[in-house]
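Residue numbers (full-length UniProt numbering): 1 to 923.
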């Protein structure tokens, strides 16, 4: 069994008690209408459970579900499945859990362009903690409001009623008073998870109420109790921490490092030295479903919450062992020396352990995880960096290893991506070189004192310093002190060194290190020097494309920088500054008379890109004479503001004369796109400025259709009040009621019916609102339509009744509704197939059983005399064949060509069915 299958089985098991909520319904609507849905919220709010539940629903409809662990895996999977239109990829926490993880986010950014291309063919479901998404460094897809649903928002957070429903599913036999239940459902954090854990019954909880109101304290007490009462359990959890939440018992003694971790854990937990690994395995199995789970051969913590509490307890109780044996990436993410109240699971070290941390970081900087060392925030503190230096002094022979270049551990970013986005982070810069030395990394990422010591210790090794592109690293880091003390006197010798295509002046400008840039200009470096690739980036363009809060860009202009030089794609410095929201640079460029209508290759103006990136302050600065300057595809600044739901920007543009009627090439208007993305406030604003409520795009898809598609009740009401035609149809005949019924929007169906929508208005192929609701399994919509006298036995062009459709797709509740409201159980299509025949053909055994119980004709044949039994035999549905035989189906009823059920069973290779037919008298 593959790892994917193992994971999906675990999801299926976890999903058995899932309770639908407003949040899960909204997420499902979003992924139905778009190819990406990002589910965000607080830790423990149920993000992962919702994502997995929806993925499983798609799987039940025949979709391929691919769980992945990281952005780079996502691209690999998507590229393999681009031809499979029914593939949905699931990715949890792609850019970090505790905080924004720079390495993981860098990986995501590198893949984002490819990701967007792949999403034209498949769907992507992502979960991400809200405080991670809110980090100002996050850009692109993950910031697109149209992709995001916050399940912790006031509108979607679990209500008391929903919590009680969840409780009831788990607690059917639990004796709890109303008062206690009221106190339990007041718990905000981790409620769905806590219900699941509490009723796992793996550990007897002493205080039920405290478990829900103070879960962190309860888990801490439980873990510390293990330390004294059950050493095996404590040791097994310690090993999970030390092996970074991926513990394979078979591999635990493979390799010296793993053996050291195992022996240390045994010693720490006061267990016998000869304790066998299978003892740990047996112990972990007793904790499954509560503390741990097993995926394939690996044990993992059951949930991030459980892992965070456990690592906090272990790291706090045994800081020295954590420093010495924990994964270096764990130290980067979880260990700090300065308190930050935002994260209650961070492990804080006292001064007593600072030297041990400095020693560990020093030892690991020469290994394969260089970035995990230099990106550790602790190394930027004076205390830890001094400990690092002291350890370096103790090992002078290792100094030259700082200059030894190694293969870069992160994939190189596509240079075209930097050139196109005009954005250069330190990690992007670092990744541009295939081989890099620890000294480069220290200068780029660490504090000045540590860099100073390293350079001083190596100052006699001038030739190697030049070869290591030290000056390029210094231009990135920006310390004038380091420049003055080590390189200034011999600056000319370093000017020819490049970092990939970037010369020192490009690097200093991109990172706004203008003191160094001034020194470079004084040596005569060309202020308009272009990068030696085909993108032709200048220092001013790079400076404009990277955010700054000062006016130091003026130094470039004062030294003759060409203000309107454009890249190959057409990006001017003004365009770059508008894209990144560098309003101070925008103001500076405008005051220096830059050309404001220089556009990107796709026609996007500086004003357009500022609106697209939602930089209100920047939009305010730009001359509104260009308010109607559109992209080549017809998108105006107003259009993109409406698409993004940016009401303040849209209002500003409208007040300066933005044209409401400017549309995309296909006729999509600002009003239309605001409706499509569900931005009710924008819709109201546009109506105030006179937007045509009946304006359509080329396929006659009007605002009312789009509002019905989006499922926004208030917008539908407003559009109807504005005079929209309630029975206007698309080119294929689909009415607004049809659209609402297809998407399962019960309230909108009710609104439309109450406003006299034609309930039986069909598409050109005869499919009615009732048909499509039955096909999709929207029993609430079916009930409303039937209550309003929808024609229950109306047929499509091929003679399919709503009952045929419901039977084909296996919607049991809908079939019951239809039968209870007069649906003809023996109606036949033009080819003579009955609802029972359709259910047998499609393997819907529960429907077959229901129809037989309600008196369906078991031998009603098609025009070719194909019986329900015959078709079940042909399709190989063994259980249905047995059910039909048990209900006295005529076993030898043949087709017109005289082929029998027995003949077709053996013809198709269904030998088990054939033998069963023979046992029951088939000839």
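The C-beta atom is built at its ideal place from N, Cα and C for all residues, glycine as well. Keep in mind the model is a prediction, meaning the values are calculated, not measured.
Query, Result
"Beta bridge counterpart(s) of residue 499 as assigned by DSSP", "502"
"Cβ neighbours of residue 192 in the same chain (closer than 7 Å, five flanking residues each side left out)", "46, 49, 166"
"Burial state of residue 679 (16 or more Cβ within 10 Å)", "buried"
"Beta-bridge pairing of residue 41 - partner residues as DSSP gives them", "129"
"Residue 89, enclosing beta strand (DSSP E) - first and last residue", "87-92"
"Three-state secondary structure assigned by DSSP to residue 176", "coil"
"Buried or exposed by the 16-neighbour rule on C-beta atoms within 10 Å, applied to residue 830", "exposed"
"CA-to-CA distance, residue 746 to residue 704, given in whole angstroms", "16 Å"
"As assigned by DSSP and simplified to three states, the class of residue 10", "helix"
"Residue 362 versus 348, 392, 345, 372, residue with shortest Cα-Cα distance", "392"
"Cβ-based burial, residue 3 [other Cβ within 10 Å; buried from 16]", "exposed"
"At least 3 beta-carbon pairs within less than 8 Å: the segment 371-382 vs the segment 312-325", "no"
"C-alpha gap between residue 872 and residue 844, whole angstroms", "10 Å"
"Residue 43 beta carbon less than 8 Å from that of residue 304", "yes"
"Euclidean distance between Cα positions of residue 665 and residue 150", "33 Å"
"Alpha helix (DSSP H) runs wholly inside the segment 184-252, at least 4 long, in chain order", "191-198, 208-213, 215-229, 231-242"
"Beta-carbon separation (whole angstroms), residue 782 vs residue 773, contact threshold 8 Å", "5 Å"
"The alpha helix (DSSP H) enclosing residue 150, as first and last residue numbers", "Residue 150 -> not in any alpha helix (DSSP H); beta strand (DSSP E) instead, spanning 148-150."
"Residue range of the unbroken alpha helix (DSSP H) whose run includes residue 928", "The displayed coordinates of the chain run from 1 to 923. Any statement about residue 928 would go beyond what the structure contains."
"C-beta neighbour in chain D for residue 113, strict 8 Å", "Considering every chain present, this structure includes no chain D. It has just one protein chain."
"Candidates 63, 812, 590: closest to residue 574 by CA position", "590"
"8 Å Cβ shell around residue 357 - same chain, five flanking residues per side excluded", "323, 331, 335, 337, 349, 378, 384, 387"
"Extent of the continuous alpha helix (DSSP H) run through residue 337", "Residue 337 -> no alpha helix (DSSP H), and no H or E assigned at all."
"Proximity below 8 Å, CB of residue 879 to CB of residue 892", "no"
"Endpoints, alpha helix (DSSP H) assigned at residue 324", "319-325"
"For residue 755, the nearest candidate out of 411, 737, 534 (CA to CA)", "737"
"Residue 64 - partner residues in DSSP beta bridges", "87"
"Residue burial classification, residue 278 (beta-carbon count within 10 angstroms, cutoff 16)", "exposed"
"Nonlocal neighbours in the same chain, by C-beta distance under 6 Å from residue 83, ignoring five residues either side", "Its pLDDT being 48, under 50, residue 83 is placed unreliably by the model, and the measurement read from it follows with that caveat. Around residue 83: no qualifying Cβ."
"Status (buried if at least 16 other CB within 10 Å, exposed otherwise) for residue 648", "exposed"
"Cβ pair residue 513, residue 446 closer than 8 Å", "no"
"For residue 181 and residue 861, the rounded distance between their alpha carbons", "56 Å"
"Same chain, Cβ closer than 7 Å to residue 492, neighbours up to 5 away in sequence not counted", "523"
"Neighbourhood of residue 564 by C-beta distance below 7 Å, restricted to the same chain and skipping five residues each side", "572, 594, 595, 598"
"Proximity winner among 146, 185, 148, relative to residue 158 (alpha-carbon distances)", "185"
"Whether residue 797 touches residue 765 by CB criterion (8 Å)", "yes"
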